[in-house]
Amino acid sequence: MYRQTNKASKNYRKSYTNRKFAIEQESFVEPQNIPELRRIIEITDYDNGEPITHKLELYKTDRIDCYKVLVDGKLWKKRIGWSDILAGIRKALPRLARE
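Counting in numbering that gives the first Met the number 0, the sequence shown tops out at residue 98, every number present.
Here it is in C-alpha cells:
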C-alpha cells in the first residue's frame, strides 16, 4: 500500500464530499414500470397443408432477461432466457425434408 501525505488525504476527503453533494443535487429519474406481458410471438406453420398458429406469451419474471413462457395458454417454462426460447422454437419446428 502506498503512503499518503496529509495534504493528499485532505484533498481526497474534500473531493469525495463534493462528489457526494453533487450526486444529491442531480435530479432523480424514476425507473420505468415494466408490464407483466412483455412479448407475444405468433408462429404460423404451413407445412401440413393447413395453417396452424402457435402463440407464445412471454411474461416478466424476477430475473432480468428471463421470461415465463406460455405456449397456447399452457405453461412451457417458468423461467427461461431469450436464446433458449429461440433454440426451443427451432427444435420444436424442424424443417421438412425435400421430396
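C-beta: ideal position from N, C-alpha, C; glycine also.
| said: Could you tell me the alpha carbon to alpha carbon distance between R94 and D71, rounded to whole angstroms? | reply: 21 Å
| Using the beta-carbon count (16 or more within 10 Å), is Y66 buried or exposed? | Under this definition Y66 is a buried residue.
| message | Looking at the secondary structure, which residues open and close the alpha helix (DSSP H) in which D83 lies? | response | DSSP places D83 in the uninterrupted alpha helix (DSSP H) bounded by 81 to 91.
| Hey, would you say R78 sits closer than 8 Å to L57, going by beta carbons? | no
| Using a Cβ-Cβ cut-off of 8 Å (strictly less than) and excluding sequence neighbours within five positions of I33, which residues of its own chain qualify? | Around I33: K59.
| query | What are the complete beta strand (DSSP E) segments, minimum 3 residues, inside the stretch 29 to 74? | reply | Those beta strand (DSSP E) runs which fall completely within the stretch 29 to 74 and span 3+ residues are 36 to 44, 51 to 59, 65 to 70.
| request: Please report how far the alpha carbon of Y45 lies from the alpha carbon of L55, in whole angstroms. | output: 17 Å
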